[in-house]
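Residue 162, in the numbering used here, is where the sequence shown stops; the numbers in between run on with no holes.
Idealized CB from N, CA, C, for every residue including glycine.
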Amino acid sequence: MTISMSKSASTENLPPGVLYRVKATYKYNKEDVDELSFEVGEVISVVEYDDPEEQEEGWLMGIKDNGDKGMFPANFTRP
């Protein structure tokens, strides 16, 4: 399987702990304190969950450039 990545969603030169980056294709407003809000076009660094048992299908854990961290729906982003 080949996955093409744009510059905004590359795996090159990532900080420690960052799995890959995604770009928001839709705006998302968090509905809970452990979620992440973002605007269309924002780049989010995807990281491992602190507790793997908290992971929910269809959701990723991410950190924005401003340091905000939380879960977000994967289908609101693209590689």
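Query, Result
"With the cut-off set at 9 Å, would you say E131 and M144 are in Cβ contact?", "yes"
"Specify, as a first and last residue, the run of the beta strand (DSSP E) that Y103 falls within.", "101 to 107"
"Please name the residue, chosen from V129, N112, D133, that lies closest to V123 on a Cα-to-Cα basis.", "N112"
"State the CB to CB distance for the pair I127 and K147, rounded to an integer number of angstroms; the pair is presumed to be in contact (CB under 8 Å).", "6 Å"
"When DSSP labels each residue in this structure, what does P156 get in the three-state scheme?", "strand"
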